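Chains as they are written, first to last, in my numbering: chain W, 1 to 239; chain R, 240 to 446. Glycine included, C-beta positions come from ideal geometry on N, C-alpha and C. Quick caveat, the model's predicted, so the values are computed rather than measured.
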């Protein structure tokens with residue numbers, strides 16, 4: 001793609017356009033793009049609706065963007081709210097606002113500071129969660145690091161290293177009874193697992209550490225196993 | 240074809256690879272998504288794999304990963320055409336096809352200049368069937384016709400080409416997704432060729 005020769009698509013105020021190949025797509029105000037769009041830079045500052053697939057090198061969503069199709073992007077920052085109806089293929093994604101994905105998400109690096117909902121699987125190399133997430137399928141990453149805040153859920157979590165920690169501030173303890181900071185999953189599998197504040201039916205791993213405030217049905221470990229005195233583990237076995 | 244399944248737990252145990260490694264290979268597309276079969280068991284959902292395929296694949300990855308990077312490996316296992324273009328003489332010198340087969344191929348397909356990957360694959364399949372003596376030239380023409388007509392389906396997973404012969408009359412067909420196939424009495428299955436396997440063999444030869 002030779003970006004020098006391509007024009008920009010800019011919508012200020014209310015407007016709509018057809019898709020195509022652009023250098024920069026900028027939606028300020030209320031813009032609608034009908035059809036697939038391919039661009040170097042995608043920016044949505046107002047309320048943007050893309051009726052088609054979007055392919056971009058760099059994307060920033062500061063307002064609210066709705067993509068009725070697939071998104072393929074090298075780097076994306078969501079500060080406002082982004083909703084993608086189908087699959088997302090990305091390099092790096094940072095969500096400070098809110099993001100919803102209707103299909104699967106695949107990529108390299110995912111950082112969640114706000115809220116993320118993914119209906120399918122989330123497969124990345126590194127997953128950092130400090131906000132809340134709901135994943136309908138499998139959360140799979142080389143390293144999964146979660147600082148619990150609010151309620152997060154995934155059907156399954158898998159990875160080489162999985163660490164979930166709870167903040168230990170007094171103030172948070174006070175509000176905790178109203179807003180429990182917890183992580184919920186049916187199965188958590190990995191090589192190294194350290195959990196706090198987690199509810200799961202099965203935890204399976206090589207080195208497993210079950211920290212405080214956990215409720216686990218079954219722990220299966222092949223290497224070492226440690227259980228905090230404030231954790232409930234119904235059954236544990238070495239395999 | 241064996242449909243025996245192996246659970247993820249047993250697989251990790253048997254091969255000595257870690258959970259992280261298995262899923263890293265999956266993310267790199269070294270192991271196809273549809274080999275991960277979900278089944279419910281008494282502890283909830285479990286993942287199973289087609290035993291023979293996954294064991295072969297892991298064995299291959301483990302032996303080859305010393306020489307190739309994961310991305311190169313992924314390219315090799317991927318069912319989509321790779322970006323390789325070679326000329327007829329290069330293909331002959333690399334032993335993909337003999338000169339006779341090459342001439343026959345050129346005559347019936349009209350490919351000229353550089354061969355794209357899917358044509359190299361067709362050539363390789365034709366060559367391996369002809370050279371093994373399973374089929375004769377006339378049937379080779381049939382094979383090329385078949386490959387040409389259904390070239391889109393062939394890029395998909397698990398296509399198998401079968402040659403049958405009855406009372407000296409032969410026919411060939413493509414089987415998708417490894418389904419079972421049954422023949423009338425007296426039909427002889429002359430040759431059976433898995434396209435995925437051919438593709439992997441070919442890529443090892445070309446690399």
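Contact list for the region 69-100 of chain W against chain R, Cβ threshold 8 Å
none
Where does residue 263 (chain W) sit, in a helix, a strand or coil, going by DSSP?
Here chain W covers residues 1 to 239 and nothing more, so residue 263 (chain W) does not appear.
I want to know whether the region 33-45 of chain W touches the region 14-24 of chain W - three or more CB-CB distances under 8 Å.
yes
Between residue 407 (chain R) and chain W, is any beta-carbon pair separated by less than 8 Å?
no
With a floor of 3 residues, list each beta strand (DSSP E) that falls wholly inside the region 115-185 of chain W, ordered by position along the chain.
115-118, 122-129, 132-148, 151-166
Please confirm if the region 179-196 of chain W is in contact with the region 142-155 of chain W, defined as three or more CB-CB distances below 8 Å between the two stretches.
yes
Test item: CB-CB of residue 164 (chain W) and residue 146 (chain W) under 8 Å
yes
Distance between residue 12 (chain W) and residue 26 (chain W) (C-alpha atoms, nearest Å):
8 Å
With a threshold of 16 other CB atoms inside 10 Å of the CB of residue 407 (chain R), please say whether the residue is buried or exposed.
exposed
Quick one: grab the DSSP three-state call for residue 371 (chain R).
coil
From the DSSP output, in three-state form, read off residue 424 (chain R) for me.
coil
Could you name the residues of the region 415-441 of chain R whose beta carbon sits closer than 8 Å to any beta carbon of chain W, in the order they occur along the chain?
none
Cutting at 8 Å between CB atoms, please list the residues of its own chain near residue 8 (chain W), excluding the five before and the five after it.
22, 23, 24, 25, 26
Where the beta strand (DSSP E) through residue 342 (chain R) begins and ends
Not the beta strand (DSSP E): residue 342 (chain R) falls in the alpha helix (DSSP H), residues 338-348.
To the nearest angstrom, report how far apart residue 386 (chain R) and residue 48 (chain W) are at their CA atoms.
45 Å
Give me the subset of the region 242-265 of chain R whose CB atoms are less than 7 Å from a CB atom of chain W, sorted by chain position.
257, 258, 259, 262, 263
Within the same chain, show all residues whose beta-carbon is closer than 7 Å to that of residue 259 (chain R), passing over the 5 residues directly before and after it, in chain order.
none
Checking contacts by CB at 8 Å: is residue 1 (chain W) closer than that to chain R?
For residue 1 (chain W), the predicted structure reports a pLDDT of 48, less than 50, and the residue's modelled location is therefore unreliable. A value from the coordinates is still provided. Residue 1 (chain W) does not count as touching chain R.
Is the beta carbon of residue 45 (chain W) closer than 8 Å to that of residue 17 (chain W)?
no
When you compare only the Cα positions, how much space is there between residue 84 (chain W) and residue 97 (chain W)?
14 Å
Just checking: is the beta-carbon of residue 245 (chain R) within a distance shorter than 8 Å of some beta-carbon in chain C?
In the structure shown, chain C does not exist; the protein chains are W and R.
Are the CB atoms of residue 32 (chain W) and residue 43 (chain W) within a distance shorter than 8 Å?
no
Whose CA, out of W:205, W:233, W:81, W:238, lies closest to the CA of residue 211 (chain W)?
W:233
Please tell me whether residue 160 (chain W) has its Cβ less than 8 Å away from any Cβ of chain R.
yes
Quick one: what's got a C-beta closer than 7 Å to residue 303 (chain R)'s C-beta in the same chain, skipping five residues either side?
312
Grab the span of the alpha helix (DSSP H) containing residue 102 (chain W) for me, first residue to last.
Element bounds for residue 102 (chain W): n/a, residue is neither H nor E.
Test item: CB-CB of residue 94 (chain W) and residue 111 (chain W) under 8 Å:
yes
Could you work out which residues of chain R lie near residue 137 (chain W), taking near to mean beta carbons separated by less than 8 Å?
Simply none; closest approach about 10 Å.
From residue 90 (chain W) to residue 275 (chain R), what distance separates their C-alpha atoms?
23 Å
In this structure, how does DSSP classify residue 1 (chain W) when only helix, strand and coil are distinguished?
Because residue 1 (chain W) carries a pLDDT of 48, less than 50, the predicted location of this residue cannot be relied on, and the following value inherits that uncertainty. Three-state result, residue 1 (chain W): coil.
Flag residue 119 (chain W) as yes if its beta-carbon sits less than 8 Å from any beta-carbon of chain R, otherwise no.
no
In this structure, does DSSP put residue 214 (chain W) in helix, strand or coil?
coil
Could you work out which residues of chain R lie near residue 184 (chain W), taking near to mean beta carbons separated by less than 7 Å?
Correct list: empty, because the minimum Cβ distance to chain R is about 14 Å.
Can you list, in chain order, the residues of its chain whose CB lies under 7 Å from that of residue 228 (chain W), leaving out five sequence neighbours each side?
210, 211, 212
Own chain, CB closer than 6 Å to residue 103 (chain W), minus 5 neighbours either side, in chain order:
86, 87, 120
In DSSP terms, what residue 431 (chain R) is bridged to
R:401
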